[in-house]
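Some notes on the structure that comes next.
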Amino acid sequence: MERVYLDHAATTPLDPEVFEVMKPYLLEEYGNASSVHQLGRQARVAMEGARERVADCLWAESSEIVFTSGGTEADNLALKGVLGAASTEAGSEAGLVTSTAEHKAVVEPARRMMEQGRPVTLLSPDAHGAVTPEQVEAALDEDTALVSLMHTNNEIGVQTDIPAVAAVCDKHDVLLHCDAVQAAGLQPLDVEALGVDLLSLSGHKFYGPKGIGVLYVRNGVDLGPLVEGGSQERDRRGGTQNVAGAIGLAEALERAVTEAEERAERLTRLQRRLVVGLDEAVPGPYVCNTPLDEAPVAPHVVNVAFPPVGDEPLDGEMLILNLDMQGILVSAGSACTSGALEPSHVLTALGLDRPTASAAVRFSLGAKTTEEDIDEALDALHSTLQRMR
Numbered sequence: 024m025e026r027v028y029l030d031h032a033a034t035t036p037l038d039p040e041v042f043e044v045m046k047p048y049l050l051e052e053y054g055n056a057s058s059v060h061q062l063g064r065q066a067r068v069a070m071e072g073a074r075e076r077v078a079d080c081l082w083a084e085s086s087e088i089v090f091t092s093g094g095t096e097a098d099n100l101a102l103k104g105v106l107g108a109a110s111t112e113a114g115s116e117a118g119l120v121t122s123t124a125e126h127k128a129v130v131e132p133a134r135r136m137m138e139q140g141r142p143v144t145l146l147s148p149d150a151h152g153a154v155t156p157e158q159v160e161a162a163l164d165e166d167t168a169l170v171s172l173m174h175t176n177n178e179i180g181v182q183t184d185i186p187a188v189a190a191v192c193d194k195h196d197v198l199l200h201c202d203a204v205q206a207a208g209l210q211p212l213d214v215e216a217l218g219v220d221l222l223s224l225s226g227h228k229f230y231g232p233k234g235i236g237v238l239y240v241r242n243g244v245d246l247g248p249l250v251e252g253g254s255q256e257r258d259r260r261g262g263t264q265n266v267a268g269a270i271g272l273a274e275a276l277e278r279a280v281t282e283a284e285e286r287a288e289r290l291t292r293l294q295r296r297l298v299v300g301l302d303e304a305v306p307g308p309y310v311c312n313t314p315l316d317e318a319p320v321a322p323h324v325v326n327v328a329f330p331p332v333g334d335e336p337l338d339g340e341m342l343i344l345n346l347d348m349q350g351i352l353v354s355a356g357s358a359c360t361s362g363a364l365e366p367s368h369v370l371t372a373l374g375l376d377r378p379t380a381s382a383a384v385r386f387s388l389g390a391k392t393t394e395e396d397i398d399e400a401l402d403a404l405h406s407t408l409q410r411m412r
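So the number in this note's numbering is just where the residue sits in the sequence shown, counting from 1, plus 23.
Listed below in structure tokens is the structure:
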């Protein structure tokens, strides 16, 4: 049975050509970039070359690029590094404004900060899942040092107007962090045009390697380290640098930026085919949480939730497993935590009731997704829902 992989928002396959570029730095040029001997110096030159290539893709300076282990670390470094430095400088707890629909790499640190007494405001998104500039401006106060909002929501694909939020933050002299993990390779990420002070990326979301990410930090932003124990990354992230990973990320990002417009157009057509086909494929009610004609939406995500029919809620985990058995690989809009199925925090933030939010499926399309893949997924969804309902 051939697999139809529709979980690209979770991870993408490593581009074989990217792997070929990485290979020498795994097998031959394996030096530690902090070593002073020849192999170390060669690794350092390669590392700095990768940094410059990433900076060029973001219209940034190479000194503004910090390599991390991925998007989660980049988000944590942005929040904790900025707020920690701001609090030390001000002598009081600097505040954060974010939303309840952010990635957990932002939401969970924010909630922990609240428990520790830091002033944190969690905004509720609008009906589509975005936060408006007006909401942000109303939430800012004299304690606010940082606003953190994602560019493209990882579960529903809805996009926030980051330049408009940036204008509000600039007016009030507040820093803006943007999680752009789901936007890279599909949307232009010119940090000057976006107006952001910090921006997170993750290599494996655009056909690069896992275990490597980037935090863009505008020159002049005071950022304390999250990982201590070395002076790497200009004292902003200690630890032996992942040279092969950085080179792979830079290669993948350059390719993604070059192909972004063409790829986005193709994915938009496939996304529309999937959304239109749902009406025929779904026996019974469903909620499409990706509002294609009502809000700016990324072209690779469609999130669908299934309300109970009568008194019987649909088992979301079983739905995913049944699709998997038919070779359709998708993800749930819910996560299994300590053996208990919990509804997606994004979908509950949008106002979905618990049974409906717990029975959601996220289809996320990629570079090799075809019309036939979409049709197979729709057929499998139809037959699975008929059996389960």
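The C-beta atom is built at its ideal place from N, Cα and C for all residues, glycine as well.
Nothing here was measured: the structure is a model prediction, and the numbers come from that model.
Endpoints, the alpha helix (DSSP H) within which residue i is located
i: M411; result: 394-411
i: R257; result: 255-258
i: A190; result: 185-194
i: V143; result: Where V143 is concerned, there is no enclosing alpha helix (DSSP H), although the beta strand (DSSP E) it sits in stretches over 143-146.
i: Y48; result: 47-50
i: L217; result: 214-217
i: N59; result: The residue you asked about is not Asn; residue 59 is Val in the sequence shown. Counting along the chain, V59 falls outside any alpha helix (DSSP H), and DSSP gives it neither H nor E.
Classification of residue i by the beta-carbon crowding that lies within 10 angstroms, buried from 16 upward
i: T371; result: buried
i: Y48; result: buried
i: Q139; result: exposed
i: S171; result: buried
i: L169; result: buried
i: L435; result: Missing from the structure shown is residue 435; the chain here goes from 24 to 412 and no further.
i: H60; result: exposed
i: P322; result: buried
i: L344; result: exposed
i: G94; result: buried
i: M45; result: buried
i: A187; result: exposed
i: R292; result: exposed
i: S122; result: buried
Span of the beta strand (DSSP E), counted from its first residue to its last, around residue i
i: Y230; result: Y230 -> no beta strand (DSSP E), and no H or E assigned at all.
i: M173; result: 167-173
i: D202; result: 198-202
i: L29; result: Unbroken run through L29: none, as it is neither H nor E.
i: V159; result: Counting along the chain, V159 falls outside any beta strand (DSSP E), though it belongs to the alpha helix (DSSP H) covering 156-162.
i: R241; result: Per DSSP, R241 belongs to no beta strand (DSSP E) and is neither H nor E.
i: L221; result: 221-225
Chain-order list of residues whose beta-carbon lies under 8 Å from that of residue i (same chain, five-residue window excluded)
i: Y309; result: L301, V327, A328, F329, P330
i: L401; result: L297, G300, L301, E303, A304
i: Q65; result: E52, G54
i: E394; result: L293, R296
Contact set for residue i: own chain, Cβ-Cβ below 7 Å, skip 5 residues either direction
i: L238; result: V89, T91, A97, L100, A101, L221, S223
i: G350; result: M24, E25, R26, V27
i: D149; result: T155
i: D30; result: L352, V353, S354, S387
i: A78; result: E84, S85, E87, I88
i: D193; result: G218
i: E75; result: S85
beta-carbon residue i near the ligand GDP non-hydrogen atom, thresh 7 Å
i: A273; result: The ligand GDP is absent from the structure shown, which contains no ligands of any kind.
CA nearest to the CA of residue i, picked from the options
i: A382; options: G226, C311, T393; result: C311
i: D202; options: V191, A187, K194, S225; result: S225
i: A33; options: V353, L297, D398; result: V353
i: A216; options: M137, I185, L29; result: I185
i: L297; options: V130, R76, R385; result: R385
i: D338; options: R278, T407, L272; result: T407
i: A287; options: D258, V320, L209; result: L209
i: H227; options: E335, P319, E274; result: E274
i: Y230; options: A78, D347, H405, E277; result: E277
i: A189; options: E335, H174, P336, R74; result: H174
i: G243; options: V105, R260, S57; result: V105
i: E40; options: A279, R412, I397; result: A279
i: L199; options: P232, V240, T35, A206; result: V240
i: L145; options: D79, M411, E157, A124; result: A124
i: S110; options: E43, D245, E75, R135; result: D245
i: E335; options: E165, M411, D347, S115; result: M411
i: I179; options: V325, E43, E160, V197; result: V325
Own chain, CB closer than 6 Å to residue i, minus 5 neighbours either side, in chain order
i: P366; result: S357, R377, A380, S381
i: E399; result: V27
i: L62; result: G54
i: G247; result: G104, G107, A108
Below-8 Å beta-carbon distance, residue i vs any chain C residue
i: D398; result: The structure shown contains no chain C; it holds only a single protein chain.
Item checked: Inside the region 301-378 only - beta strand (DSSP E) runs reaching at least 3 residues -> 324-328, 357-360, 363-366
Checklist line | Within the region 63-131, ranges of the alpha helix (DSSP H) (whole runs, at least 4 residues) | finding: 94-113
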